[in-house]
Amino acid sequence: MNFEAVKAIYKFEMARTFRTSMQSIVSPVISTSLYFVVFGAAIGSRITEIEGVSYGAFIVPGLIMLMVLQQSVSNGSFGIYFPKFLGTIYELLSAPVSSFEIVVGYVGAAATKSLILGVLVLLTAGFFVPLRIDHPVWMLIFLVLTAITFSLVGFIIGVWAKGMEQLQTVPLLIITPLTFLGGTFYSLNVLPPLWQTISLFNPVVYLISGFRWSFYGIADVNVGISLAMTLAFLAICLAIVAWIFRTGYRLKA
Amino acid sequence: MQQPIISISNLSKTYASGFTALKSVDLEVMRGEILALLGPNGAGKTTLISIVTGIVNATTGTVTVDGHDIVKDYRAARSLIGLVPQELTTDAFETVWATVTHSRGLFGLKPDPAHIEKVLKDLALWDKKDNKILELSGGMKRRVMIAKALSHEPRILFLDEPTAGVDVELRKEMWALVRALRALGVTIILTTHYIAEAEEMADRIGIIDKGELRLVENKDELMRKLGSKQLRLELQEPIEVVPTGLDGHKLELSGDGTTLTYTYDAHGARTGISALLADLSRVGIRFKDLQTHQSSLEDIFVNLVRDGK
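First to last, the sequence lines map onto chains B and C.
When we follow full-length UniProt numbering, the leftmost residue of the first sequence carries the number 1, and every step to the right adds one.
When we follow full-length UniProt numbering, the leftmost residue of the second sequence carries the number 1, and every step to the right adds one.
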C-alpha cells in the first residue's frame, strides 16, 4: 500500500477545496440555508406537521442529503476530470499507485468535503428550525455512506465525461431530479399509490428515508432496507470503478 | 554499461482507432547511458515511452525495468522512473513547491524538503517556489515538469522532446543538467528530432520511423559506419561533363559545372584521394580550392528515413 501517494492525492484535493473555499464551502452552505429560511420560518408555519414533525424540521434531513449528494458528485467528478482535462493525469498513471489508492485519495477527499458541508448545514439548520436527532450514530453512518457512494458516482462521471458539458449536465439532469423526487420535501405517503411504487426505484428515496429516520424515527421505507439499498448502491459503484481501472476505460489508451 | 536496465521485447501498439504506432520493437537500454531516440513526428517515440511508463497499454510484448515486469510488478518498475512528457501539462493554481512535493508523495516517498529544495535550486526555480504555476513562463513550466520528475529521485529519466520550443540558453542548461544526472548514474532516454541534440548528448542512438526501430547503435560507431566523407573541388574553369579519364572515381559534377564532389570512406584502408588528384592533373583539370566534409548525423538520418519510404 502506497500510503504516501494516498496522502498526497488527498492533501492535494483538500488544498484545492480550501483554496476555493468561498465557492466550495460558503456558497453551498448559504444556498441550502435559504431553504430553511423560506420553508422553516416563512412558509413552514402554514404547512401542517408531518407525523408530528414540523415541516421546517421535516425537510432538514432531505436538504442535507440533497446538498451532500450534489457536492459529492461535483467534487468527485471535478477531482478526476481536471487532471484528465489538463493532461496532468500522466503523472498519476505513471506513478506506482494502485487503482484502489487513487480512488481512496480522490473519493476520500471528495467525501470529506461533503461531510464538512453536511455538518455545517446541520448546524446552520439548528438556528432556524427545532432539531432533534434520535439516532446520532446512524445519522453519521448514513451521511458517511452517502458521501462515499456519491463521490464514487462523481468519480465515474469524471472519468466518463469528455467535456465540461457532460460533466455538468449529468448531475443537473439526473442527480437533482432524483433528489427532489426522492422525498426531500414530502413523505412518500402523500403520493398516489402508482407514484409511490415508481419512487421505490429511485435510490435516493432510501438514502433520505434512512437519514430522516435517524433524526425523527419516521421513515418511508424500513430502515434496514434503506441501509441495504445504500450498501448495494455503494457496491455497484465500486464494481464500476473496478471495471474502469481494469480496462483503462477513458484513462489509458 | 553492459547490463540492460530496460529490456523491451516484441513491443507493439495498435490504438483503438486502428493506427499502429509500434511494430514489434526490441530494445535494451543500458544502465547509466544516455540513449537518444530519433525520429520524425508520429514515428512512435512517445508511444514507446508511454508504454514503458505505464500511460499506455501495450498490444503485445513485454517490458522489464531493472528486472521488474511493468505490468505484473508495476510498483517496483515505476518507482525507478521519472517522466517528463512532451506537452506542457502542469497544474495552474498550485504553487511550484506544492506540485513538486505532491509528485514525490505520489511515488510513495516520505516528504524530504531538503531534496525538493536542491532540485528547485538546480533548476533555477527556487525563487519561484511560492509562485502559482500559471504565473510562470513556458520555459519555467518545463523546468517545473523536470523538477516533478526528479522529485522522487528516479534511476531512469525519460525526457520526451525536452528542448522542443525552448530557447538556446535553456537548451544548454538542460544539456548540462542531463550530463550532471548521468554523472550520478541516472539512465536517460531522450527523444528528439533535433539531431544536433542527439549528436551532442547521446551515448547511443536509436532511430525510429513508422513504428519500427530502424537501428540502435553506439553514436560514434554509427557515425563511423554510416558516416562518409566528401571531398569538394572547386574548379578554376567550369566543365560540362566529367572527363572519361576520371570514370573510375565516381565523381559528381554540380549543376553549374564548377564543383566536383568525391565521396569516400574516411576509415577505409585507401581513400583514393591521391589517385584522384593524380588523375585530375593528368586530364588537365585545375582547381582553386578543396574542402572535405564529414557527414553529420543529420545526413545519416535523412538517408535512413528516406530509404525506408
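All C-beta atoms in this analysis are idealised placements derived from N, C-alpha and C, irrespective of residue type, glycine included.
One or two residues paired with residue i in a DSSP bridge
i	result
residue 67/B	According to DSSP, residue 67/B bridges with nothing at all.
residue 262/C	231/C
residue 188/C	34/C, 157/C
Any chain B beta carbon closer than 8 angstroms to residue i
i	result
residue 122/C	no
residue 115/C	no
residue 154/C	no
residue 69/C	no
residue 1/C	Confidence at residue 1/C is low in this model, with a pLDDT of 47, below 50, so its placement is unreliable and no value can be given for it.
residue 56/C	yes
residue 87/C	yes
residue 106/C	yes
residue 11/C	no
residue 93/C	yes
residue 43/C	no
residue 59/C	no
residue 141/C	no
residue 98/C	yes
residue 254/C	no
residue 148/C	yes
Beta carbon proximity, residue i to chain C, threshold 8 angstroms
i	result
residue 112/B	no
residue 96/B	yes
residue 88/B	yes
residue 19/B	yes
residue 84/B	no
residue 291/B	Here chain B has residues from 1 to 253 only, and residue 291/B is not among them.
residue 2/B	yes
residue 294/B	Shown here, chain B extends from 1 to 253; a query on residue 294/B therefore has no answer.
residue 15/B	yes
residue 167/B	no
residue 162/B	no
residue 92/B	yes
residue 39/B	no
residue 142/B	no
Coil, strand or helix - residue i by DSSP
i	result
residue 59/C	coil
residue 217/C	strand
residue 287/C	strand
residue 201/C	helix
residue 51/B	coil
residue 312/C	In the structure as shown, chain C starts at 1 and stops at 309, and residue 312/C therefore has no counterpart that could be examined.
residue 115/C	helix
residue 89/C	coil
residue 113/B	helix
residue 65/C	strand
residue 218/B	coil
residue 272/C	coil
residue 21/C	strand
residue 240/C	coil
residue 133/B	coil
residue 42/C	coil
residue 207/C	strand
Neighbour-count burial assignment, residue i, 16 or more Cβ in a 10 Å radius
i	result
residue 228/B	exposed
residue 49/B	exposed
residue 107/C	buried
residue 1/C	Here the model assigns residue 1/C a pLDDT of 47, short of 50, so the residue's position is not dependable, and the following value carries that caveat. So residue 1/C ends up on the exposed side.
residue 250/C	exposed
residue 291/C	exposed
residue 70/B	buried
residue 91/C	buried
residue 226/B	buried
residue 204/C	buried
residue 152/C	buried
residue 94/C	buried
residue 36/B	buried
Proximity test, residue i beta-carbon vs the ligand COA heavy atom, cut-off 7 angstroms
i	result
residue 176/B	Only the bare structure without any ligand can be found here, which leaves the ligand COA out of the picture.
Touching by the beta-carbon criterion (3+ pairs, under 8 angstroms), the stretch 218 to 238 of chain C and the stretch 248 to 265 of chain C: yes
Segment contact flag, the stretch 44 to 52 of chain C with the stretch 105 to 121 of chain C, C-beta cutoff 8 angstroms, min 3 pairs: no
The stretch 156 to 170 of chain B touching the stretch 236 to 250 of chain B, judged by at least three CB pairs closer than 8 angstroms: yes
Segment contact flag, the stretch 6 to 23 of chain B with the stretch 109 to 116 of chain B, C-beta cutoff 8 angstroms, min 3 pairs: yes
contact_flag[the stretch 174 to 187 of chain B, the stretch 95 to 109 of chain B] where n(CB pairs < 8 angstroms) is 3 or more: no
Three CB pairs or more closer than 8 angstroms across the stretch 37 to 54 of chain B and the stretch 130 to 143 of chain C: no
Three CB pairs or more closer than 8 angstroms across the stretch 133 to 145 of chain B and the stretch 197 to 216 of chain B: Taking 8 angstroms as the limit for Cβ pairs, the verdict is that the stretch 197 to 216 of chain B does touch the stretch 133 to 145 of chain B.
Three or more C-beta pairs below 8 angstroms linking the stretch 164 to 174 of chain C and the stretch 93 to 107 of chain C: no
Stretch pair the stretch 146 to 157 of chain B + the stretch 69 to 78 of chain B: three plus CB contacts closer than 8 angstroms: The answer is yes - the stretch 69 to 78 of chain B touches the stretch 146 to 157 of chain B, with three or more Cβ pairs under 8 angstroms.
Cβ pair count under 8 angstroms reaching 3, the stretch 170 to 183 of chain B against the stretch 3 to 21 of chain C: With a cut-off of 8 angstroms, the stretch 3 to 21 of chain C and the stretch 170 to 183 of chain B do not count as touching, because too few Cβ pairs lie within range.
Stretch pair the stretch 81 to 89 of chain C + the stretch 120 to 127 of chain C: three plus CB contacts closer than 8 angstroms: no
Touch test, the stretch 195 to 212 of chain C against the stretch 36 to 44 of chain C, Cβ-Cβ under 8 angstroms, three pairs minimum: yes
Contact the stretch 48 to 66 of chain B vs the stretch 126 to 139 of chain B: 3+ CB pairs below 8 angstroms: yes
The stretch 168 to 181 of chain C / the stretch 67 to 82 of chain C touching (three or more Cβ pairs under 8 angstroms): no
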